[in-house]
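Structure, as structure tokens:
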Amino acid sequence: MITNEEERLREQLSFTESMIPERISADPEVVENGLARLVLSIIELVRRLLEKQALRRMDAGNLSDEEIERLGNALMKLEEKMTEMKAVFGLADDDLNLKLGPVKTLD
Amino acid sequence: MRAVVIGAHRHRDDISGDAIAIPLGDLFLSAVELAPQQPAGDRELLIRVAKIRARLLDVATFIAVRYGFVITNESDAMSKCGAHVDRWRALLDEHRNDVELTLKIAAATPQPRPKRTEFANGADYLRALHAATQGAAIDGAFREAVDARLVPLAKQHRWIHRDNASMELALLVARERIDEVNAAGTALKSFDVPFLLSGPWPLEVFAQEVEQ
Amino acid sequence: MADSDEELSLLETLDHLLDRGVVISGEAVISIGDVDLLYLGLNVVLANVDAIIRTARKT
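The listed protein sequences correspond, in order, to chains V, P and C.
Heads up: the first sequence begins at 1 in the working numbering, then just goes up one per residue.
Heads up: the second sequence begins at 1001 in the working numbering, then just goes up one per residue.
Heads up: the third sequence begins at 2001 in the working numbering, then just goes up one per residue.
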């Protein structure tokens, strides 16, 4: 791999792996307290995947006007609900475990 | 049995090591078996599969299947992939000694994400999101250098707008030219543009029928 | 290689594994931690967006 300006690169490129949440504890008490976070993490993950998929299909040009409207509305609605629910549960983006976890190196 | 599929290969002998081979017509799927309750989304497993993929690529090019596709047996594989076999065989025969290299480039003009609240309907919002990915352009001089120095080394190439802050160039390159592409990539460091040249990879972009 | 370089290399490798390659009939696995949560067709997800949100609200 050949790179230049790693720091700036990290800021501007988005990698799929960072969408995978870190391991969630199996401890029942922790799980219960973290349930809202867990559920919202799932929805946020799905939202991002849907958005990516929608944009790719836009690139390919294989969406009818009706499909664009349906997809666009679904994405808008999802985003709106996410904003509402994050506010309801007092969660920020950081809380949804969607940042990169500890990285293991390839041996 | 549950196994997460890695790729589609032309010959049985192309698959070895930690991957199992599952026949698919006259082709073969490589896969890694999952323990009974093991989820496919396990990070350790992902890293292990990445290493196995690299070793398989050393032998011959194959068609990469996006991670997450799990099959149970040969007939399961055929019922889900049967429709692709002819197209895959043609690709594998044609590109047995070709690999993909990827150049990711940070945009000089990253586009801000459109604000949902500024749109009256979903269609306009989605179109704006899409426009933002198309609008992210890279430095002109850098683009010229890439077109002049890297693209000619490839059999095929494709510029891709992945998001609103970067662009990507997918290159289909003959194995024996990998070093040349890397050398040209190294020379690009003289530009003040953040980029990442990675590979070799199996057939990913160039195996797709439609943009996925 | 410096630490950040190795990390970047790992991110890039996983990106290729997860975000590229042929997709078989829209199947996708989403998992959290140790649990395979969803094995779904993306078209099914689109249809059930409302249901997912309603379920989450109850929690």
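The beta-carbon is built from N, C-alpha and C at its ideal position, and this holds for glycine as well.
So, is the C-beta of K1115/P closer than 8 Å to a C-beta in chain V?
Nearest CB-CB separation between K1115/P and chain V: not below the 8 Å threshold.
Integer-rounded CB distance, given that V1032/P should sit under 8 Å from A1019/P
Confirmed, Cβ separation roughly 6 Å.
8 Å contact criterion, which A1132/P and Q1111/P should meet: CB distance rounded:
Confirmed, Cβ separation roughly 4 Å.
Beta-carbon of I1052/P versus every beta-carbon of chain C: anything under 8 Å?
No, no contact with chain C.
Going by other Cβ atoms of all chains shown within 10 Å of its Cβ, with 16 needed for buried, is G2033/C buried or exposed?
Low local confidence applies: a pLDDT of 44 at G2033/C is under 50, so the model's placement there is unreliable, with the coordinate-based value given in what follows. Buried, since its Cβ has 16 or more Cβ neighbours within 10 Å.
Could you check whether L1057/P and V1099/P sit closer than 8 Å to each other, using their CB atoms as the reference points?
Their beta carbons are under 8 Å apart, which means V1099/P touches L1057/P by this criterion.
Any idea what DSSP makes of T1072/P, helix, strand or coil?
Here T1072/P sits in coil by DSSP.
Report the rounded CA-to-CA distance for A1035/P versus T2013/C, giving the unit in angstroms.
Whole-angstrom Cα-Cα distance: 24 Å.
Flag this pair as yes or no: are the beta carbons of W1088/P and I1063/P separated by less than 8 Å?
Yes.
CB contact below 8 Å: E5/V versus chain C
The Cβ of E5/V sits no closer than 8 Å to any Cβ of chain C.
Any residues in the stretch 1185-1209 of chain P with a beta carbon nearer than 7 Å to a beta carbon of chain C? Which ones, in chain order?
Within the stretch 1185-1209 of chain P, those residues whose Cβ lies closer than 7 Å to any Cβ of chain C are, in chain order, L1196, S1198, W1201, E1204, V1205, A1207, Q1208.
Can you find a CB in chain V that lies within less than 8 Å of the CB of L2037/C?
Unreliable positioning characterises L2037/C in this predicted model, as indicated by a pLDDT of 44, which lies under 50. The coordinate reading is nonetheless provided below. For L2037/C, the answer is yes, since a Cβ of chain V falls inside 8 Å of its Cβ.
Does any C-beta atom of chain C lie closer than 8 Å to the C-beta of Y1067/P?
It does; some Cβ of chain C falls within 8 Å.
Using a threshold of 7 Å, is the CB atom of L1056/P nearer than that to any non-hydrogen atom of the ligand NAD?
Of the ligands one can find in the structure shown there are none, so the ligand NAD has no counterpart to examine.
Tell me the rounded alpha-carbon separation between F1195/P and N1097/P.
So the two alpha carbons sit approximately 26 Å from each other.
CB-CB under 6 Å to H1134/P, same chain, minus the five flanking residues each way: which ones, in chain order?
Position check: residue 1134/P holds Gln in this sequence, whereas His was assumed. Cβ within range, chain order: H1161.
Any contact of the stretch 66-73 of chain V with the stretch 1116-1129 of chain P, i.e. 3+ C-beta pairs under 8 Å?
These segments touch.
If you draw a straight line from the alpha carbon of R1002/P to that of A1148/P, how long is it in whole angstroms?
C-alpha of R1002/P to C-alpha of A1148/P: approximately 47 Å in a straight line.
So, with DSSP's three-state summary, where would you put K1155/P?
In this structure, K1155/P counts as coil in the three-state DSSP scheme.
Excluding the five sequence neighbours on either side, which residues of its own chain have a C-beta within less than 6 Å of the C-beta of Q12/V, listed in chain order?
Counting only Cβ-Cβ distances below 6 Å, and skipping sequence neighbours, we find nothing.
I want to verify the contact list: residues of chain P whose CB lies under 9 Å from the CB of E2012/C, in sequence order.
Here the neighbours are T1102, K1104, L1196, S1198.
As assigned by DSSP and simplified to three states, the class of H1011/P
The answer is coil: DSSP assigns H1011/P none of H, G, I, E or B.
Apply the 10 Å Cβ neighbour rule to N140/V and answer buried if 16 or more other Cβ atoms are within range, or exposed otherwise.
Not covered by the structure: residue 140/V. The range shown for chain V is 1 to 107.
According to DSSP, residues forming a beta bridge with K86/V
Beta-bridge pairing links K86/V to no other residue.
Assign E22/V to one of three DSSP states: helix, strand, or coil.
Its pLDDT being 47, under 50, E22/V is placed unreliably in this model, and the coordinates cannot settle the point.
Taking CB distances under 8 Å as the criterion, tell me whether L10/V reaches chain C.
Here residue 10/V is Arg; the residue named in the question, Leu, does not match the sequence. By this cut-off, R10/V is an interface position.
Pick out whichever of R1053/P, A1141/P, T1109/P, R1158/P has its Cα sitting closest to the Cα of K1189/P.
Of R1053/P, A1141/P, T1109/P, R1158/P, the residue nearest in Cα terms is A1141/P.
List the residues of chain C that L1126/P touches, going by C-beta distances under 9 Å, in chain order.
Correct list: empty, because the minimum Cβ distance to chain C is about 13 Å.
Closest residue to E1150/P among A1137/P, N1164/P, D1139/P, L1172/P (Cα-Cα distance)
For the record, residue 1150/P in the displayed sequence is Leu; it is not Glu. Of A1137/P, N1164/P, D1139/P, L1172/P, the residue nearest in Cα terms is L1172/P.
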